[in-house]
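Enquirer:
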Amino acid sequence: MAKVGIVMGSDSDMPVMAKAADVLEKLGVEFEMTIISAHREPDVFFEYAKSAESKGWKVIIAGAGMAAHLPGMCAAIFPMPVIGIPMHTTSLGGRDSLYSIVQMPTGIPVATVAINGGANAGILAAKILATSDDALLARLKEYSANMKAEVEAKAEKLARVGYKEYSK
Ligand code: RP5
């Protein structure tokens, strides 16, 4: 059964949102993914947010750009954690999305990741679920150990070949 809802304001957000989905898939966390525009179809949005708890979801990951109300409105309705992903935008570089998502009023937090931070949103959702799931916690520790090994391998290669060869 899906534990995470992933929602984005437009299919133009998909390249970033897919990174959250990829991480969750790697970590063995089930999710449901959809596209809902809070502005263009508010009735559909409200139904989505109101029914999320009864579907058994524990976290919602919501990504949007520009006047990005989707994550904040999810947090206004869904009683469990909402992770917001601000999309990069061409006009304001994503600051518009970032401020719209992060500057929530007291009482309605959205855990906001970096602009285009899709992968981190997935990892954060998994970490939230891992507080009550030891098997998932073990997979997250393995994920961290793999990252460490990758950095060590890069440092070893640099030491072996030198920076000129490395940067080719
Ligand atoms: C937001 O407006 C979406 O989340 C998207 O990032 C942005 C642009 O949407 P489209 O015009 O590409 O549908 O609601």
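Residues 0 to 167 (numbering that gives the first Met the number 0) are what the sequence shown spells out, left to right.
Using N, Cα and C, we set each Cβ at its ideal position, and we do this for glycine too.
Chain B beta carbons: is any one of them nearer than 9 Å to that of G116?
Expert: Of the protein chains in the structure, only one exists, and it is not chain B.
Enquirer: By DSSP's criteria, P85 is part of a beta bridge. Which residues make up the other side?
Expert: Here the question's residue 85 lines up with position 86 in the sequence shown. Paired residue(s): A63.
Enquirer: When the Cα atoms are used, what is the spatial distance from F45 to S11?
Expert: Here residue 45 is taken as the residue at index 46 of the sequence shown, counted from 1. Here residue 11 is taken as the residue at index 12 of the sequence shown, counted from 1. About 21 Å.
Enquirer: Is the CB-CB distance between L128 and V15 below 9 Å?
Expert: One-based indexing of the sequence shown puts residue 128 at position 129. One-based indexing of the sequence shown puts residue 15 at position 16. Not closer than 9 Å, so no.
Enquirer: Just list the alpha helix (DSSP H) runs in the region 79 to 138, keeping only unbroken ones of 4 residues or longer that don't cross its boundaries, in chain order.
Expert: Runs of the alpha helix (DSSP H) inside the region 79 to 138: 94 to 101, 117 to 129.
Enquirer: Could you check if T88 belongs to the surroundings of ligand 1, using beta carbon to heavy atom distance under 8 Å?
Expert: Looking up residue 88 in the sequence shown gives position 89. Within the cutoff, so yes.
Enquirer: Cβ of T33 within 9 Å of Cβ of V6?
Expert: The residue given as residue 33 occupies position 34 in the sequence shown. The residue given as residue 6 occupies position 7 in the sequence shown. Contact flag set, yes.
Enquirer: Determine contact between the region 118 to 133 and the region 55 to 73, defined as no fewer than three beta-carbon pairs at a distance below 8 Å.
Expert: Touching, per the Cβ criterion.
Enquirer: Within this structure, are the beta carbons of P85 and V101 separated by less than 9 Å?
Expert: Taking the first residue of the sequence shown as 1, we reach residue 85 at position 86. Taking the first residue of the sequence shown as 1, we reach residue 101 at position 102. Contact: yes.
Enquirer: Can you name, in chain order, every residue of its own chain whose Cβ lies under 7 Å from the Cβ of A51, other than the five neighbours on each side?
Expert: Residue numbering aside, residue 51 sits at position 52 when the sequence shown is read from its first letter. Closer than 7 Å at the Cβ level, and outside the excluded window around A51, lie G4, I59, F77.
Enquirer: Below 8 Å on the Cβ atoms is my guess for G8 versus L91; work out the distance and round it to an integer in Å.
Expert: By one-based count along the sequence shown, residue 8 stands at place 9. By one-based count along the sequence shown, residue 91 stands at place 92. So it is not a contact: roughly 16 Å between Cβ atoms.
Enquirer: Cβ atoms of A74 and P41: under 9 Å apart, would you say?
Expert: For the purposes of this step, residue 41 is taken as residue 42 along the sequence shown, with counting starting at 1. For the purposes of this step, residue 74 is taken as residue 75 along the sequence shown, with counting starting at 1. No. Outside cutoff.
Enquirer: Considering only the alpha carbon of each residue, which of A144, E164, M72 lies closest to S36?
Expert: Taking the sequence shown and counting its residues from 1, the one referred to as residue 36 is at position 37. Selected option, being the one with the closest Cα: M72.
Enquirer: Could you compute how far the alpha carbon of S96 sits from the alpha carbon of Y165?
Expert: Residue numbering aside, residue 96 sits at position 97 when the sequence shown is read from its first letter. Residue numbering aside, residue 165 sits at position 166 when the sequence shown is read from its first letter. So the alpha carbons of these two residues sit roughly 37 Å apart.
Enquirer: Please confirm whether any heavy atom of ligand 1 lies closer than 8 Å to the CB of D42.
Expert: As a first step, residue 42 is located in the sequence shown; it is residue number 43 there, counting from the start. No.
Enquirer: List the whole-angstrom C-beta distance separating G83 from A110, where the pair is believed to meet the contact cut-off of C-beta under 8 Å.
Expert: Sequence index remark: in the sequence shown, residue 83 carries index 84 (1-based). Sequence index remark: in the sequence shown, residue 110 carries index 111 (1-based). At roughly 7 Å, the Cβ-Cβ gap stays under 8 Å, so G83 and A110 are in contact.
Enquirer: Tell me the residue span of the alpha helix (DSSP H) that contains I76.
Expert: Position 77 of the sequence shown, counted from the start, is the residue given in the question as residue 76. Its alpha helix (DSSP H) spans residues 69 to 76.
Enquirer: Using the C-alpha atoms, what's the distance from A124 back to T130?
Expert: For the purposes of this step, residue 130 is identified with residue 131 of the sequence shown, where counting begins at 1. For the purposes of this step, residue 124 is identified with residue 125 of the sequence shown, where counting begins at 1. C-alpha separation (whole angstroms): 10 Å.
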